[in-house]
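Asks: Here it is, the structure, as structure tokens.
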Amino acid sequence: MENGTYIDDFFGGKDTLEKACKVADQVNRLCMAGGFTLKKWINNDPYVLKFIPKQNRISASTIQIDDSSIVHALGLAWHPSTDQFNFTLRLDEPKTIYKRTILSTISKLFDPLGFISPITITGKILIQELWSSGLGWDDSLPPVLIDKWSDFIKRLQDASNFTFPRWIGFNSIDSFELHGFCDASQQAISAVVYLRFCSSDASVTTTLVASKTKVAPLKRLTIPRLELLGAVLLVKLVKSILLTMGKPVPIFAGIDSQVAYTWITNHPSRWKEFVHNRVCYIQETLPQCKWRLVPGVENSADLATRGITSSQLTESSI
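For what it's worth, full-length UniProt numbering labels the leading residue of the sequence shown as 1, then goes sequentially.
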């Protein structure tokens with residue numbers, strides 16, 4: 001329950017219906033023992049819900065496992081009938097565009113797993129530009145920033161067409177590996193992690209697990225140093241994923257900077273303070289990680305370092 005609880009919601013799943021029913025019963029009994037009644041139950045298979053009292057399920061208008069049933073979780077929309085997530089981004093462009101209204105609108109976005117981070121990073125970069133411009137909360141924006149804002153709103157609206165499977169596609173008997181990539185530009189830093197697993201029939205599948213982005217520091221750094229910050233971001237992301245998985249897994253990390261790769265794969269004592277401290281963190285946090293130098297065209301983290309449109313994200317081969 002500790003790993004599956006977010007604020008006052010509980011999320012969980014199992015490999016089989018029997019195991020799912022057992023966990024649901026155990027969680028229910030445990031909470032009832034403390035005087036807490038769990039409500040708003042929903043599942044992607046109606047069989048599990050048969051064991052939950054009707055008064056504790058989500059209302060009949062949304063519990064139906066059909067195309068119209070949508071439940072919101074962590075800012076995403078979940079369709080139980082297809083077991084998929086999508087984004088319902090209905091963001092109306094404010095009539096008056098100030099720094100205040102832009103920050104208010106962007107703060108409503110919640111993409112915890114970074115599914116559309118190559119798109120949302122554009123908004124983060126815009127926020128940094130607003131703060132750097134010295135504009136007041138209600139000052140009129142110059143035309144160039146207004147155009148960037150309008151373009152960002154259009155990109156978000158187009159992102160509503162994306163769907164992502166809730167189930168990442170493996171079970172306990174599969175062999176699997178985590179593969180991460182990191183990249184950086186003068187505008188942004190990004191990291192992305194995939195799960196690659198081999199099923200019992202020897203088929204291999206790769207699926208997106210999560211991604212993370214940050215705007216580059218205002219203090220200008222060299223590209224290799226920014227790439228090193230990207231590696232730190234990747235290590236933090238992988239660490240959080242490992243805590244969620246709760247089991248050991250082979251880890252591979254890819255970076256396209258020869259300089260940053262050399263830093264990471266050598267002893268920290270060889271480098272000065274900035275590089276030394278970050279290489280120490282990388283090596284101590286994920287000592288089992290195997291770093292590789294990959295071509296830039298094969299680095300999927302590159303997409304979120306420059307910001308792209310929904311159509312570009314769809315057409316991308318990586």
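C-beta: ideal position from N, C-alpha, C; glycine also.
Confirm, please, whether the CB-CB distance from Val-249 to Leu-286 is below 9 angstroms.
Replies: Sequence index remark: in the sequence shown, residue 286 carries index 286 (1-based). Sequence index remark: in the sequence shown, residue 249 carries index 249 (1-based). In this structure, Val-249 does not lie closer than 9 angstroms to Leu-286 by Cβ.
Asks: Contact check, Leu-130 vs Lys-99 under 8 angstroms by CB: the rounded distance?
Replies: The residue labelled residue 130 in the question sits at position 130 within the sequence shown. The residue labelled residue 99 in the question sits at position 99 within the sequence shown. Right, their Cβ atoms sit about 5 angstroms apart.
Asks: Relative to the C-alpha of Phe-152, which candidate in Thr-163, Thr-314, Gly-134, Leu-109 has its C-alpha closest?
Replies: For the purposes of this step, residue 152 is taken as the residue at position 152 of the sequence shown. Comparing Cα positions, the closest option is Leu-109.
Asks: For Glu-227, is the classification buried or exposed, using 16 other Cβ atoms within 10 angstroms of its Cβ as the cut-off for buried?
Replies: Counting from one through the sequence shown, the residue named residue 227 turns up at place 227. By the neighbour-count rule (16 or more Cβ atoms within 10 Å), Glu-227 is buried.
Asks: Looking at the unbroken beta strand (DSSP E) that takes in Cys-182, where does it start and where does it end?
Replies: The count along the sequence shown starts at 1 and reaches residue 182 at position 182. 175–184 is the span of the beta strand (DSSP E), which, as asked, contains Cys-182.
Asks: Counting along the chain, where does the beta strand (DSSP E) carrying Thr-314 start and finish?
Replies: For the purposes of this step, residue 314 is taken as residue 314 along the sequence shown, with counting starting at 1. Per DSSP, Thr-314 belongs to no beta strand (DSSP E); it is in the alpha helix (DSSP H), 310–315.
Asks: Tell me which residues share the same chain as Arg-196 and place their Cβ nearer than 6 angstroms to its Cβ, disregarding the 5 neighbours each side in the sequence.
Replies: The sequence position of residue 196 within the sequence shown is 196, counting from 1. These residues qualify, in order along the chain: Glu-177, His-179, Thr-206.
Asks: By a C-beta neighbour count over all protein chains shown, 10 Å radius and 16 as the cutoff for buried, is Val-238 buried or exposed?
Replies: Here residue 238 refers to the residue found at position 238 of the sequence shown. It counts as buried.
Asks: Less than 9 angstroms between the C-beta atoms of Asn-161 and Ser-310, yes or no?
Replies: Here residue 161 is taken as the residue at index 161 of the sequence shown, counted from 1. Here residue 310 is taken as the residue at index 310 of the sequence shown, counted from 1. Their beta carbons are under 9 angstroms apart, which means Asn-161 touches Ser-310 by this criterion.
Asks: Given the structure, does Val-27 come close to the ligand NAP, in the sense that its CB is under 8 angstroms from one of the ligand's heavy atoms?
Replies: For the ligand NAP, the structure offers nothing, since it holds no ligand at all.
Asks: If you scan the region 208–288 from start to end, which runs of the beta strand (DSSP E) of 3 or more residues do you find wholly inside it?
Replies: Whole beta strand (DSSP E) segments, 3+ residues: 251–255.
Asks: Around the C-beta of Tyr-6, are 16 or more other C-beta atoms found within 10 angstroms, so that it is buried, or is it exposed?
Replies: Taking the sequence shown and counting its residues from 1, the one referred to as residue 6 is at position 6. Tyr-6 should be labelled exposed.
Asks: Under 9 angstroms, do Leu-293 and Asp-256 count as touching if we go by C-beta distance?
Replies: For this step, residue 293 is matched to residue 293 along the sequence shown. For this step, residue 256 is matched to residue 256 along the sequence shown. Cβ atoms of Leu-293 and Asp-256: closer than 9 angstroms.
Asks: Whose C-alpha, out of Arg-57, Arg-278, Asp-158, is nearest the C-alpha of Ile-116?
Replies: Your numbering for residue 116 matches position 116 in the sequence shown. Among Arg-57, Arg-278, Asp-158, the Cα nearest to that of Ile-116 is on Asp-158.
Asks: If you check the beta carbons only, do Gly-296 and Thr-213 fall under 9 angstroms apart?
Replies: The residue labelled residue 296 in the question sits at position 296 within the sequence shown. The residue labelled residue 213 in the question sits at position 213 within the sequence shown. Not closer than 9 angstroms, so no.
Asks: I need the boundaries of the alpha helix (DSSP H) containing residue 320, first residue and last residue.
Replies: Lying before the first or after the last residue shown, residue 320 is absent from the chain, which here runs from 1 to 318.
Asks: Whose C-beta lies closer than 7 angstroms to the C-beta of Ser-104 among residues of the same chain, with five residues either side of it excluded?
Replies: As a first step, residue 104 is located in the sequence shown; it is residue number 104 there, counting from the start. For Ser-104, where only same-chain residues beyond five positions count, there are no Cβ hits under 7 angstroms.
Asks: Do you know offhand how far Asn-299's Cα is from Arg-166's?
Replies: Counting from 1 along the sequence shown, the entry for residue 299 is found at position 299. Counting from 1 along the sequence shown, the entry for residue 166 is found at position 166. So the alpha carbons of these two residues sit roughly 24 angstroms apart.
Asks: Decide if Lys-22 is buried, meaning its Cβ has at least 16 other Cβ atoms within 10 Å, or exposed.
Replies: Counted from its first residue, the sequence shown places residue 22 at position 22. So Lys-22 counts as exposed.
Asks: So, with DSSP's three-state summary, where would you put Arg-57?
Replies: Position 57 of the sequence shown, counting from 1, holds the residue named residue 57. The answer is strand: DSSP assigns Arg-57 an E or B state.
Asks: Could you name the residues of the same chain whose beta carbon sits closer than 7 angstroms to that of Lys-14, not counting the 5 residues immediately before and after it, in chain order?
Replies: Position 14 of the sequence shown holds residue 14. Within the same chain, Lys-14 has close Cβ partners Ala-20, Val-23.
Asks: Kindly provide the ranges of any beta strand (DSSP E) runs that are 3 or more residues long and lie completely inside the region 104–176, ordered along the chain.
Replies: Here the runs fully enclosed are 163–165.
Asks: Comparing C-alpha positions only, which one of Val-144, Ala-301, Val-275 sits nearest to Val-193?
Replies: As a first step, residue 193 must be located in the sequence shown, where it is residue number 193. It is Ala-301 whose Cα lies nearest to the Cα of Val-193.
Asks: Among Ile-251, Gly-169, Asn-56, Leu-229, which residue has its Cα nearest to the Cα of Ser-200?
Replies: The residue labelled residue 200 in the question sits at position 200 within the sequence shown. Nearest of Ile-251, Gly-169, Asn-56, Leu-229 to Ser-200, Cα basis: Gly-169.
Asks: What is the DSSP secondary structure of Leu-293, reduced to helix, strand or coil?
Replies: Reading the sequence shown from its first residue, position 293 is the one you call residue 293. Note: Leu-293 maps to strand in three-state DSSP.
Asks: Would you call the CB atoms of Ile-308 and Val-232 closer than 9 angstroms?
Replies: Numbered from 1 along the sequence shown, position 308 holds the residue referred to as residue 308. Numbered from 1 along the sequence shown, position 232 holds the residue referred to as residue 232. Cβ distance not < 9 angstroms, so Ile-308 and Val-232 don't count as in contact.
Asks: In this structure, does DSSP put Thr-101 in helix, strand or coil?
Replies: Start at 1 with the first residue of the sequence shown, and residue 101 comes out as number 101. Residue state, collapsed to three classes: helix.
Asks: The alpha helix (DSSP H) spanning Arg-29 covers which residue range?
Replies: Within the sequence shown, the letter at position 29 stands for residue 29. Note, Arg-29: alpha helix (DSSP H), 17–33.
Asks: Could you tell me the alpha carbon to alpha carbon distance between Ile-127 and Leu-145, rounded to whole angstroms?
Replies: As a first step, residue 127 is located in the sequence shown; it is residue number 127 there, counting from the start. As a first step, residue 145 is located in the sequence shown; it is residue number 145 there, counting from the start. Looking at the two C-alpha atoms, the distance is approximately 10 angstroms.
Asks: Quick one: is Phe-181 buried, meaning 16 or more other Cβ sit within 10 Å of its Cβ, or exposed?
Replies: Taking the sequence shown and counting its residues from 1, the one referred to as residue 181 is at position 181. Classification for Phe-181: buried.
Asks: Considering only their Cβ atoms, is the gap separating Val-209 from Ile-241 smaller than 9 angstroms?
Replies: The residue you call residue 241 lines up with position 241 of the sequence shown. The residue you call residue 209 lines up with position 209 of the sequence shown. Taking 9 angstroms as the Cβ cut-off, Ile-241 and Val-209 qualify as a contacting pair.
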